Amino acid sequence: MPRTSFRSEIDGFAFTNSWQFDKQELATIEQILSDAIGVVEVVLAPLIAVAEGPVFAAELAVPFIGPWLVAKTIEAENNAIINGILNALDGKTYGRCGGMAFAACDYWHKQWIVPRGNGMSDQPTNATPQSEALRDYIWNRLLDSLKANAGKFLEYMAILHFDSSGGSTLRDKTKAEVANLKAAINARRPVTIGLVGTTWNPFDNHQVLAYGYEDHPNGTTTLFIYDNNAPDTESTTTLDFSGSELKAVESIDYASTSRGPLRGLFCTAYTPMTPPRAVVLRQGLTVSPAVTGEGDPVKVHMMAANVGYHDSPAFSMVIAGDAGPPVQEAAMTSIPEGGTRSLDGTLSFANPGNHKIGAVVSLKAKDGTTLVRFLPPEGSTQNPSGQVDIVIDRLIDFDADFVCEVGNTAGGTVDFKVRVDDMGPNLTYQWMASSGTTIVGDSKSQVVQVKLPAQVGATVTLTVTVTRPDGGHSGGSCTFKTVSQMAAGLQQVMCEISQIITKAPFQIDPSDPAPDGSRVIDPGEILTVANAAAKLAETANAAARLGQPLQLSRIPAAQLTVAVGKVAVDVAPSTPILKTPVIANVLR
Numbered sequence: 394m395p396r397t398s399f400r401s402e403i404d405g406f407a408f409t410n411s412w413q414f415d416k417q418e419l420a421t422i423e424q425i426l427s428d429a430i431g432v433v434e435v436v437l438a439p440l441i442a443v444a445e446g447p448v449f450a451a452e453l454a455v456p457f458i459g460p461w462l463v464a465k466t467i468e469a470e471n472n473a474i475i476n477g478i479l480n481a482l483d484g485k486t487y488g489r490c491g492g493m494a495f496a497a498c499d500y501w502h503k504q505w506i507v508p509r510g511n512g513m514s515d516q517p518t519n520a521t522p523q524s525e526a527l528r529d530y531i532w533n534r535l536l537d538s539l540k541a542n543a544g545k546f547l548e549y550m551a552i553l554h555f556d557s558s559g560g561s562t563l564r565d566k567t568k569a570e571v572a573n574l575k576a577a578i579n580a581r582r583p584v585t586i587g588l589v590g591t592t593w594n595p596f597d598n599h600q601v602l603a604y605g606y607e608d609h610p611n612g613t614t615t616l617f618i619y620d621n622n623a624p625d626t627e628s629t630t631t632l633d634f635s636g637s638e639l640k641a642v643e644s645i646d647y648a649s650t651s652r653g654p655l656r657g658l659f660c661t662a663y664t665p666m667t668p669p670r671a672v673v674l675r676q677g678l679t680v681s682p683a684v685t686g687e688g689d690p691v692k693v694h695m696m697a698a699n700v701g702y703h704d705s706p707a708f709s710m711v712i713a714g715d716a717g718p719p720v721q722e723a724a725m726t727s728i729p730e731g732g733t734r735s736l737d738g739t740l741s742f743a744n745p746g747n748h749k750i751g752a753v754v755s756l757k758a759k760d761g762t763t764l765v766r767f768l769p770p771e772g773s774t775q776n777p778s779g780q781v782d783i784v785i786d787r788l789i790d791f792d793a794d795f796v797c798e799v800g801n802t803a804g805g806t807v808d809f810k811v812r813v814d815d816m817g818p819n820l821t822y823q824w825m826a827s828s829g830t831t832i833v834g835d836s837k838s839q840v841v842q843v844k845l846p847a848q849v850g851a852t853v854t855l856t857v858t859v860t861r862p863d864g865g866h867s868g869g870s871c872t873f874k875t876v877s878q879m880a881a882g883l884q885q886v887m888c889e890i891s892q893i894i895t896k897a898p899f900q901i902d903p904s905d906p907a908p909d910g911s912r913v914i915d916p917g918e919i920l921t922v923a924n925a926a927a928k929l930a931e932t933a934n935a936a937a938r939l940g941q942p943l944q945l946s947r948i949p950a951a952q953l954t955v956a957v958g959k960v961a962v963d964v965a966p967s968t969p970i971l972k973t974p975v976i977a978n979v980l981r
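Residue 567 in my numbering sits at position 174 of the sequence shown, with consecutive numbering throughout.
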């Protein structure tokens, strides 16, 4: 059962299709119908040609349209046609069904809130600017519907009344039109349609909006319709093409009215237009900050204002991101004409990257479906969409001069650098250090130089805040303890040993400290010194466990002696190991 997202109680008007035309409006309709008569002359001419001479009104005994349709020539009787229609309309209450169907479809295409009015008898008047704007818009859309479709209505009526097989002809035309209607609804687009009955008066016919259909096993098809004569209701029309003419069962009994039984249907020519705004975005969407960390709060704000006709429908404002739960009003309520309402809250995002945020409203249909609609900006400064950049906490690296330099030696002066690859250009920095640690370099640059406490085991914390030109910022920190020079030396030795026993080339995060990706030893030499390096590593580890000093010495016979306490290990590499920078560094 294909349906669009159109719902009569949300996207249709609450007031009924009951209006009166003044003299100026009647004159406008006269001109439109006069133009339309000329269009259908081509269709009517073959039918008139078979008529056996002039037929007078008294003999024909049909309403005002009948006599001139079979008069000597259509051209000569155009004025009679128009005058007959206007006489039927003058002083009576008639509808603007085409205008209401077109206007409702316009709001749906924009996905805007409809200024529905406060009830069935709340048709807009000229009393206020808001009311007049909506009334004029519906009137102008009625004219659009007539200009585009009056000829089609008159053509269908002429075929029905002056073609001996008119009923079956309209049945077949309707079947083809319903196929087009289904294709549009399958594409999730509602369709404005014209309904033609047995009446002689084109204004007894009707224009509605179809937004769904259901095919039945017996070959019939039910259309789900917004009928502006029955607001807030899902009207239905079930079509049966099996007979010699179209048969229809309608939830509103038009067959017993002046329109008569439904005999034809067509998809009206329709072009979307921009309707008067009802509920607009007066403030927002604001998002603050523009850049923040994973899981940090993102403040959002919006304000809606009702600038349209009478109370708005009940709705709730929603600010939603592309991930995580939204900020949403708990209850759906309306905004009175001229009123406003705000929504504030916080969002958060767990994953880094650029995240989109949007401000919308939600409405509840009778069937429980939640429908999303958008608020047009009131001016040029509002925007219903925003974004936030979620960045990882800033990583701070020890900015080493060489691969295995140790950065936490008590009393040392060292450089630290913050990573900012994901934050863009023109950044500003602010470094801070814990008590006992002194910033001796520029605290507002990407790299900062600090003097560490002389005390071994002191806790050092460095923090940095990085700010973008748009005010978005991200921070990071690192905490470590200072070590003695002996411990730092052992750490450096262990690092350099790890370079030897690791296959080259390699890549390890240099903040460990560890390799920076440079080639530290020729791959051919790795196999030569691997066993010796392994023994050296084993001995150094033993020294670390025993807390004994590590003493390295070099002897002329290319024999390396490593002494730990009273333990000595002789290493005799097969090639001179002083050729490699790392080993030379170990032996200095």
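The beta carbon of each residue, even a glycine, is placed where N, CA and C say it ideally should be.
Model, not experiment: these values are computed from the prediction.
Measure from the alpha carbon of residue i to the alpha carbon of each residue in the options, then state which is nearest.
i      : options                           : result
Ala648 : His609, Asp597 and Ile783         : Asp597
Ala983 : Gly701, Trp505 and Leu788         : The displayed coordinates of the chain run from 394 to 981. Any statement about residue 983 would go beyond what the structure contains.
Met825 : Ser870, Ala541 and Gly714         : Ser870
Phe791 : Phe809, Ser877, Leu658 and Gln721 : Phe809
Pro745 : Thr739, Thr733 and Ile783         : Ile783
Tyr663 : Pro583, Thr831 and Thr856         : Pro583
Leu419 : Leu535, Leu674, Thr614 and Asp689 : Leu535
Met513 : Asp499, Gly817 and Asp620         : Asp620
Val684 : Gly779, Gly612 and Glu771         : Gly779
Ala707 : Arg766, Leu678 and Cys660         : Arg766
Gly804 : Leu539, Glu607 and Ser877         : Ser877
Thr421 : Asp515, Trp532 and Gly864         : Trp532
Trp501 : Phe414, Asp537, Ile403 and Gln417 : Ile403
Pro595 : Ala576, Asp608, Ile578 and His554 : His554
Leu855 : Ala697, Asn801 and Met879         : Asn801
Arg509 : His599, Thr661, Gly688 and Gly701 : Gly701
Val799 : Val840, Thr739, Gly882 and Thr762 : Gly882
Pro862 : Tyr822, Thr875, Thr872 and Val841 : Tyr822
Ser605 : Val841, Arg396 and Ser828         : For the record, residue 605 in the displayed sequence is Gly; it is not Ser. For Gly605, the nearest C-alpha among the options comes from Arg396.
Let me know if residue i comes out buried or exposed under the rule of 16 or more other beta-carbons within 10 Å of its beta-carbon.
i      : result
Lys545 : buried
His703 : buried
Met550 : buried
Met493 : buried
Asp835 : exposed
Asn573 : exposed
Gly817 : exposed
Gln884 : buried
Gln424 : exposed
Ser867 : buried
Ser705 : buried
Arg581 : exposed
Met696 : buried
At which residues does the beta strand (DSSP E) containing residue i begin and terminate?
i      : result
Gly868 : His866 to Lys874
Ile618 : Thr614 to Tyr619
Ser401 : Ser401 -> not in any beta strand (DSSP E); alpha helix (DSSP H) instead, spanning Ser401 to Asp404.
Arg656 : Leu655 to Cys660
Ala603 : His599 to Asp608
Take residue i and list the residues in its own chain whose beta-carbon comes closer than 6 Å to its own, dropping the five residues that flank it on each side.
i      : result
Thr518 : Ser524
Asp715 : His748 and Lys749
Gly657 : Tyr549, Leu563, Thr567 and Val589
Gln775 : Leu674
Lys844 : Thr806, Thr831 and Val833
Gly488 : Asn410
Gly559 : Ile552 and Leu553
Gly761 : none
At which residues does the alpha helix (DSSP H) containing residue i begin and terminate?
i      : result
Ser561 : Gly559 to Asn579
Asn533 : Pro522 to Phe555
Gly491 : Cys490 to Lys503
Between residue i and residue j, how many whole angstroms is the CB-CB distance? I'm expecting something under 8 Å.
i      : j      : result
Ser401 : Pro624 : 7 Å
Ile785 : Val680 : 19 Å between Cβ atoms; not a contact.
Asn674 : Glu771 : In the sequence as displayed, the identity of residue 674 is Leu instead of Asn. Yes, they are in contact, since the Cβ atoms of Leu674 and Glu771 sit about 6 Å apart, within 8 Å.
Ser741 : Glu722 : That pair is no contact at about 19 Å.
Ile586 : Asn622 : Wrong, their Cβ atoms sit about 14 Å apart, outside the cutoff.
Val720 : Val693 : 6 Å
Thr661 : Ala543 : Thr661 to Ala543, Cβ: 10 Å. No contact.
Grab me the residues of residue i's own chain with a C-beta within less than 7 Å of its C-beta, minus the 5 sequence neighbours each way, in chain order.
i      : result
Asn978 : Because Asn978 carries a pLDDT of 33, less than 50, the predicted location of this residue cannot be relied on, and no value is offered for it.
Glu627 : Ser401 and Phe617
Tyr530 : Ala496, Pro668 and Pro669
Near residue i, which residues of its chain fall below 8 Å by C-beta distance, leaving aside the five closest residues on each side in sequence?
i      : result
Asp499 : Arg534, Pro665, Met666, Thr667 and Pro668
Gly612 : Asp633, Phe634 and Ser635
Ser651 : Thr592, Asn594 and Asp597
Taking 8 Å as the CB-CB limit, is residue i close to chain B?
i      : result
Glu771 : Among the chains of the structure shown, chain B does not appear; only one protein chain is present.
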